[in-house]
Amino acid sequence: MCSDRAMGERAVPDSADSISRFPLTFWEVTIAVSVVLIYVLGLLGVYLTMPASDYSFLKLPHSLEDLQVLRDHLEDYTSDYTLQVLVGYCVVYIFMQTFMIPGTVFMSLLAGALFGVFKGVALVVFTATAGASSCYFLSKLIGRPLVFSLWPDKLSFFQSQVAKRRERLLNYMLFLRVTPTLPNTFINVASPIVDVPYHIFFLATFIGLIPAAYVTVRAGIALGELRSIGDLYDFQAMATLFLIGIVSVTPTLMSKNKP
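Per the numbering used here, the sequence shown runs over residues -13 to 245.
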């Protein structure tokens, strides 16, 4: 394990160097572009294998109005072409998670509207975990300079917390996943950089996303009653998530208080 001093030095890049050059090298950019092309080809393949129809309504939802239009068009289509919709949904969700594209909350709502609570939660947890894992490995390859340039303060904080909680890291990662302490996007990108092992990352992601996925998917069933995204996380929902998070991190707190 690196010393605190070494970790601190790694967490704070030389300011002159970070300003004077682009964060990514030529080969890192090449890798990133290659991964993007692979996902784009996957999306294109899904689109070309769909039955002939008018797909002018297909677009990434950025508002509840967009989502309601998408739901209205896909409801009948899903019953006739369930497999195509499932594959397309998975590819789009994983693509968005991998490249930190905003809007996955709308995709989670859509899962509830199209597939119901239990199937919707299973679908969201699977795709969110797969997308987070894809982001983890992409960041492991090329993410270090980007994270240093975008979130230097958050990275230093995350790095110090991981170092202090190495023995109970799963509990701490569960706490972060369940509660909105740090953005999920940041956790996905920063975890390999601060040496969070993948098996810990995977378990914390898979288990920790279930409560929030349940809240969002359940709200998707009554999509027409939502007025804003803020309605998803009322006081009761937030209190429940924090309670689950506190329970998950309790073993870590108890181990710190032992003499």
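Every residue, glycine too, gets a C-beta built ideally from N, C-alpha and C.
Bear in mind that the values here come from a model prediction, so they are computed numbers and not experimental data.
Along the alpha helix (DSSP H) that carries residue i, what are the first and last residues, could you check?
| i | result |
| --- | --- |
| Glu51 | 50 to 66 |
| Lys45 | Unbroken run through Lys45: none, as it is neither H nor E. |
| Glu153 | First-last for Glu153: undefined, no H or E at that position. |
| Val180 | Here Val180 belongs to no alpha helix (DSSP H), and DSSP marks it neither H nor E. |
| Ile17 | 12 to 34 |
| Gly117 | 103 to 136 |
Rank the options by C-alpha distance to the C-alpha of residue i and give the top, closest one.
| i | options | result |
| --- | --- | --- |
| Ala18 | Ala199, Ile80, Ser125 | Ser125 |
| Tyr63 | Tyr122, Val182, Pro37, Leu212 | Pro37 |
| Leu29 | Trp13, Leu46, Asp58, Gly194 | Leu46 |
| Ser178 | Ala208, Arg154, Gln145 | Sequence inspection shows Pro at residue 178; the Ser mentioned does not correspond to that position. When only C-alpha atoms are compared, the closest one is Gln145. |
| Pro166 | Leu136, Tyr184, Leu155, Ala198 | Ala198 |
| Gln70 | Ser42, Phe12, Phe92, Leu34 | Leu34 |
| Asp139 | Leu160, Phe112, Leu168 | Leu168 |
| His59 | Leu72, Gly74, Val73, Phe43 | Phe43 |
| Arg204 | Val77, Phe104, Arg57 | Phe104 |
| Gly74 | Val32, Ser20, Asp52, Leu53 | Val32 |
| Val15 | Leu56, Gln54, Arg57, Pro131 | Pro131 |
| Val26 | Glu61, Gln54, His48, Val78 | Val78 |
| Arg57 | Ser20, Leu212, Leu72, Leu100 | Leu100 |
Give the C-beta separation of residue i and residue j to the nearest angstrom, bearing in mind that I take them to be a contact with Cβ-Cβ under 8 angstroms.
| i | j | result |
| --- | --- | --- |
| Asn174 | Cys121 | 4 angstroms |
| Val148 | Leu155 | 7 angstroms |
| Arg159 | Ile128 | Note that residue 159 corresponds to Met in the displayed sequence, not to Arg. Not quite, the Cβ-Cβ distance comes to about 22 angstroms (not below 8 angstroms), so this is no contact. |
Given a cut-off of 9 angstroms on the beta-carbon distance, is the pair residue i and residue j in contact?
| i | j | result |
| --- | --- | --- |
| Gly98 | Gly89 | no |
| Thr202 | Leu50 | no |
| Phe188 | Thr115 | yes |
| Tyr67 | Ser119 | no |
| Ile24 | Gly102 | no |
| Val110 | Leu209 | no |
| Ala190 | Arg163 | yes |
| Val22 | Phe112 | no |
| Ala176 | Trp137 | yes |
| Gly117 | Phe81 | yes |
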